[in-house]
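Okay, so the sequence shown: first residue is 1070 according to our numbering, each after it adds one. Written below as structure tokens is the structure these notes are about.
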Amino acid sequence: MLWDMNALKRRHVVCLNEFEYVGVSLATAHTLGLKKIKLEVECQTAYILVGSVCHAKCGFCGMSKKTERGLSRVKWPLFSKDVVLEALREGVFSRKISRICLQVTCSDTQELLREMIKVLCQLDIPISLSKSVTSVSEIEDYLELGVCKITVNLDIITEKSYLQYKGINFKEKKKLLFDTAKKFPKKIVCHLIIGFDESEQECIELLDELSKVGVTVGLFAFFPIKGTELENHSQPDVGKYRRVQIAKHLIEKGVGIEQFKFDEQGKLQKIESDLGAETEQLAKAFQTTGCEGCSRPYYTEKPRGTLYNFPYKPNINEVEQCMKESGLWK
Ligand code: SF4
1070 MLWDMNALKR RHVVCLNEFE YVGVSLATAH TLGLKKIKLE VECQTAYILV
1120 GSVCHAKCGF CGMSKKTERG LSRVKWPLFS KDVVLEALRE GVFSRKISRI
1170 CLQVTCSDTQ ELLREMIKVL CQLDIPISLS KSVTSVSEIE DYLELGVCKI
1220 TVNLDIITEK SYLQYKGINF KEKKKLLFDT AKKFPKKIVC HLIIGFDESE
1270 QECIELLDEL SKVGVTVGLF AFFPIKGTEL ENHSQPDVGK YRRVQIAKHL
1320 IEKGVGIEQF KFDEQGKLQK IESDLGAETE QLAKAFQTTG CEGCSRPYYT
1370 EKPRGTLYNF PYKPNINEVE QCMKESGLWK
């Protein structure tokens, strides 16, 4: 099918809300055969962008520019909703796709979203919904509709940066996160971005709390998007990111928070656990985290740069390099 891309671009801001088009992450479009690009990894999870102009004002997000640049560094080419549904059907049938993740902007998309969820449920694979939700009843409603996992995203870990870059109430969101985690066990997902003013200790203690209430955490490294308030903000120190990844992995395997030793600045100094026995399994620590099968290829890094999150199982050399970067192994 031939598309007049210029016409599409001109209509981009309105067309998503006209219920005609949805965005498909470039890697997903590649996996579904909708785009031919050079990419060595496949997307087991299909990422679909629903909604247009975002009313939220997150200082780190391209969608907050109200020009639909995209989420993180990923491109989201538009396709007609019907074309995408057909491609998803084929992707599920051929077992290329085992989860659908709907990424929804803060815009007037309620009707389209509900309609899409109902249709997608017929594909009989788990659906994750990443959306800025505001109430327990809203979450309950989507779960009843057939969504399997739903986000209550903090994104930012400290109250100060949260207020500065998201401009909404941190305590309210955190309360909603913990209340819903208890009410809907194993259904709640929280995205956390590393790279603001959070210390490793603050981050790891939060990961421990979230693990205890059964929240699935998707860890992201901050990535500066051109044209946003934070376009000049740097990516997190890779050593810090590796230490947080390792801590998250071990916490989820049952290592207690008292085993993690921090210095006065909250930097993780050492882990008093039998890391030797875990070393071989540490590959998982450096892979993309979140819902099962979520790989978000190159969402926060260039393919040839430092891979904060590996969209595939890293090989032994890559694992050793990550361990070295963490500074926890001398
Ligand atoms: S962890 Fe991955 S699949 Fe789950 S909601 Fe987040 S982006 Fe979607």
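Heads up, the beta-carbon is just placed ideally off N, CA and C, and yes, glycines get one too.
Check                                                                                                                                                                            : Outcome
Between the stretch 1377-1395 and the stretch 1350-1357, can you find at least three pairs of beta-carbon atoms closer than 8 Å?                                                 : yes
Report all residues from its chain with a CB closer than 6 Å to the CB of residue 1397; omit the five preceding and five following residues, and keep chain order.               : none
Per DSSP, what kind of secondary structure is residue 1285 in: helix, strand or coil?                                                                                            : strand
Does the beta-carbon of residue 1373, which I'm using as the reference point, lie nearer than 7 Å to any heavy atom of the ligand SF4?                                           : no
Looking at the ligand SF4, does it come within less than 7 Å of residue 1105, judged from the CB to the closest heavy atom?                                                      : no
When DSSP builds the beta bridges, which residues end up paired with residue 1340?                                                                                               : 1329
Can you look up residue 1356 in the DSSP assignment and give me helix, strand or coil?                                                                                           : strand
Return yes when the Cβ of residue 1196 is within less than 8 Å of the Cβ of residue 1216, no when it is not.                                                                     : yes
Between residue 1090 and residue 1150, is the Cβ-Cβ spacing less than 8 Å?                                                                                                       : yes
Got a sec, what are the start and stop residues for the beta strand (DSSP E) residue 1218 sits in?                                                                               : 1218-1220
Which residues mark the beginning and the end of the beta strand (DSSP E) in which residue 1118 is found?                                                                        : 1114-1119
Is there at least one non-hydrogen atom of the ligand SF4 closer than 7 Å to the beta-carbon of residue 1092?                                                                    : no
Where does residue 1383 fall in DSSP's three states?                                                                                                                             : coil
If you draw a straight line from the alpha carbon of residue 1287 to that of residue 1272, how long is it in whole angstroms?                                                    : 13 Å
Tell me whether residue 1312 sits in a helix, a strand or coil according to DSSP, three-state version.                                                                           : helix
In this structure, does DSSP put residue 1175 in helix, strand or coil?                                                                                                          : coil
Between residue 1218 and the ligand SF4, is there a pair consisting of the residue's CB and a ligand heavy atom that are separated by less than 7 Å?                             : yes
I need the straight-line Cα distance from residue 1370 to residue 1100, nearest angstrom please.                                                                                 : 19 Å
What did DSSP end up calling residue 1275 once you bin it into helix, strand or coil?                                                                                            : helix
Would you call the stretch 1116-1126 and the stretch 1169-1181 touching, i.e. three or more CB-CB distances under 8 Å?                                                           : yes
What's the gap between the Cα of residue 1164 and the Cα of residue 1193?                                                                                                        : 12 Å
Could you give the DSSP three-state label for residue 1160: helix, strand or coil?                                                                                               : helix
Within the same chain, show all residues whose beta-carbon is closer than 8 Å to that of residue 1146, passing over the 5 residues directly before and after it, in chain order. : 1092, 1093, 1095, 1098, 1103, 1104
Can you check whether the CB of residue 1219 is closer than 8 Å to the CB of residue 1258?                                                                                       : yes
Taking 8 Å as the cut-off, decide whether the C-beta atoms of residue 1320 and residue 1276 are in contact.                                                                      : yes
Determine whether the beta carbon atoms of residue 1240 and residue 1266 lie at a separation below 8 Å.                                                                          : no
Using DSSP with H/G/I as helix, E/B as strand and the rest coil, what is residue 1401?                                                                                           : Past the edges of the chain, shown from 1070 to 1399, lies residue 1401, and the structure says nothing about it.
Since residue 1095 is in the alpha helix (DSSP H), which residue starts that stretch and which ends it?                                                                          : 1095-1100
Using DSSP bridges, identify the partner residues of residue 1090.                                                                                                               : 1149
DSSP state of residue 1396, grouped into three classes?                                                                                                                          : coil
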